[in-house]
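The next block holds one structure in the form of structure tokens; read it before the comments.
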Amino acid sequence: MKIIKISNNSEAGKVVSDLILEEVKSNSNIVLGLATGSSPITTYENIIVKSKEQNIDWSKVTTFNLDEYKGLAPDHSQSYRYFMNNKLFNHINIDSKNTFVPSGMIETNQEAQKYDELIAQKGGIDLQLLGLGINGHVGFNEPGSEFEGLTSVVKLTKSTIEANARFFDNEKDVPTQAISMGLKSIMNAKKIILIATGEAKAEAVKNLVEGPVSKNWPCSILLNHKDVTVVIDHEAAKLLK
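Count along the sequence shown from 1, add 10, and you get the number used in the numbering used here.
Right, here's the structure in full:
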């Protein structure tokens, strides 16, 4: 596990966007795994600017998003499909047919696991971008999630619902379930970059970096991956030895 310490989320966006764009430039057919939430927004902002400045071609790139709220249509203003279009896809020359987000209308795990089959058909994820929940979740894999889990319908914890309430008019509007890539789906990626900034993430970062590997902290499974880069600020790193 490689640790990169930065001063804040703004700097994280500059560093992580460079790491991603180097991969895109070296492999025009790359398959990227993408994340939503507040952590990657500065990364996407930098990708948009640098792609224009450096004339980077996204036309053959394929992307798979980690998750989607159950019950939200793609055009809902809080759906992750809407988020990705708004924050990234509409501003680069990516083919929308090559951008995949789990359907919020999925009802069964059998349907959900077709997402893993689609990823496999595309050759697997070359580089997966992750954020980190305060309870250690990656994607919507909450504490107690199976390490062998594939894409499935998941129940969100109270802390996750509370953390995401700021994006909705009130907490009652936050979906209580999501469709999320599983921990095994994430671990199948060839490379992983995780962003975590702010003091609220410090305990999760400690368990991510120092272990032990435990279902209580789903992020700790990343200790078993051969190529993980963790980008953290000093506040998120404050509990590290």
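Ideal placement from N, C-alpha and C gives every residue a C-beta, glycine not left out.
Three-state class that DSSP yields for residue i in the structure shown
i	result
Ala-188	strand
Gln-64	coil
Asp-183	helix
Asn-10	Absent from the model: residue 10. The displayed extent of the chain is 11 to 251, so no value can be given.
Leu-137	strand
Leu-128	helix
Asn-226	coil
Gly-114	coil
Gly-43	strand
Lys-24	helix
Val-215	helix
Lys-97	helix
Ala-83	coil
Val-238	strand
Phe-177	helix
Thr-170	helix
Ile-144	coil
Val-163	strand
Glu-152	coil
Lys-248	coil
Ile-104	coil
Per-residue burial, residue i [other beta carbons within 10 Å of its own, 16 or more giving buried]
i	result
Leu-139	buried
Glu-152	buried
Glu-78	buried
Ser-38	exposed
Gly-154	exposed
Gly-149	buried
Asp-279	Given that the chain is displayed from residue 11 to residue 251, the structure contains no residue 279 and the question cannot be resolved.
Asn-174	buried
Leu-128	exposed
Arg-176	exposed
Ala-83	exposed
Ser-49	buried
Ala-252	There is simply no residue 252 to check, as the chain begins at 11 and stops at 251 in what is shown.
Ile-13	exposed
Ser-36	exposed
Beta-carbon separation (whole angstroms), residue i vs residue j, contact threshold 8 Å
i	j	result
Ile-144	Ala-210	5 Å
Glu-245	Ala-212	7 Å
Gly-134	Val-34	About 16 Å; that fails the 8 Å criterion.
Leu-250	Val-223	Incorrect: roughly 17 Å between the Cβ atoms, too far for contact.
Thr-170	Ala-22	Contact doesn't hold; Cβ gap of about 21 Å is too wide.
Leu-31	Lys-60	6 Å
Phe-99	Asn-75	Contact doesn't hold; Cβ gap of about 10 Å is too wide.
Ser-17	Asp-243	6 Å
Practice task
For the stretch 50-63 and the stretch 104-123, state whether three or more C-beta atom pairs, one from each stretch, are separated by less than 8 Å.
Solution key: no
Handout entry: Three CB pairs or more closer than 8 Å across the stretch 35-46 and the stretch 129-147
Key = yes
Problem - Three or more C-beta pairs below 8 Å linking the stretch 92-107 and the stretch 66-78 - result: yes
Handout entry: the stretch 192-210 contacting the stretch 236-247, beta-carbon criterion three pairs below 8 Å
Key = yes
Handout entry: Stretch-stretch touch, CB-based, cutoff 8 Å, three pairs: the stretch 227-234 with the stretch 162-172
Key = no
Practice task
For the stretch 117-126 and the stretch 84-93, state whether three or more C-beta atom pairs, one from each stretch, are separated by less than 8 Å.
Solution key: no
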